[in-house]
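Step one of this worksheet: look at the structure below.
In this note's numbering, the protein residues as written are 1084 to 1297.
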């Protein structure tokens, strides 16, 4: 039985694709780039941090100059549109509340910028749901680098065998393995779920309430 749960954010706890699409499409329009995205096509942009999201969104126009044009326009919109049309994944608040009531410790380790992660989690899950939230600070290496996983484990004296990493992507799987943790794959998220990938994961869930069985 796991006592500690470390969660990814986008596609795991939060339905953020609609808001990312709004922000990116408006930023593209304002900067004159021709690309537009919907929740289906935007899935390939997600993962590995906001800088990689912007690089991928620029597609064939991706270079340092264009990145530096788009990012300062996108980032305020990215912040402003958090939670505008998206929200929590189905049953996420209920599942995490039940885990917490059973004495579990809950953490977040995400590539979303640290201040934005804390704002949206406070707004959608309330104060006090999570023992610690760690987003990506400027200059930090994004997941699948496991330095933030190790920071959480060491700071809160968590045992690896009692801690489960919960995410929706191959990046999250690699993060868990790099941090020497068991991994639970959320099949409702933004990843690509091949039989080979699913077979590598210790656990899979189709609803956040399934976590109560773990």
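Each residue gets a CB set at the ideal place from its N, CA and C atoms; glycine is no exception.
Computed from a prediction, not measured in an experiment: that's the story for all the values here.
Proximity winner among the options, relative to residue i (alpha-carbon distances)
i, options, result
"residue 1186", "1192, 1178, 1193", "1178"
"residue 1106", "1189, 1097, 1137, 1209", "1137"
"residue 1239", "1190, 1285, 1286", "1190"
"residue 1291", "1144, 1090, 1086", "1090"
"residue 1277", "1258, 1251, 1296", "1251"
"residue 1297", "1110, 1169, 1246", "1246"
"residue 1221", "1132, 1171, 1169", "1132"
"residue 1125", "1142, 1114, 1112", "1142"
Inter-residue Cα distance where the pair is residue i and residue j
i, j, result
"residue 1184", "residue 1273", "28 Å"
"residue 1118", "residue 1140", "7 Å"
"residue 1285", "residue 1267", "6 Å"
The ligand ATP heavy atom lying under 6 Å from the CB of residue i
i, result
"residue 1255", "Annotation note on the ligand ATP: not contained in the displayed structure, which lists no ligands."
Where residue i falls, given that 16 or more other Cβ within 10 Å makes a residue buried
i, result
"residue 1249", "buried"
"residue 1084", "exposed"
"residue 1163", "exposed"
Contact check, residue i vs residue j, beta carbons under 7 Å
i, j, result
"residue 1102", "residue 1201", "no"
"residue 1218", "residue 1193", "yes"
"residue 1227", "residue 1257", "yes"
"residue 1263", "residue 1243", "yes"
First and last residue of the uninterrupted beta strand (DSSP E) at residue i
i, result
"residue 1218", "1215-1219"
"residue 1282", "Note, residue 1282: premise wrong, no beta strand (DSSP E); alpha helix (DSSP H) at 1278-1283."
Residue span of the alpha helix (DSSP H) that contains residue i, given as start and end
i, result
"residue 1125", "Per DSSP, residue 1125 belongs to no alpha helix (DSSP H) and is neither H nor E."
"residue 1129", "Unbroken run through residue 1129: none, as it is neither H nor E."
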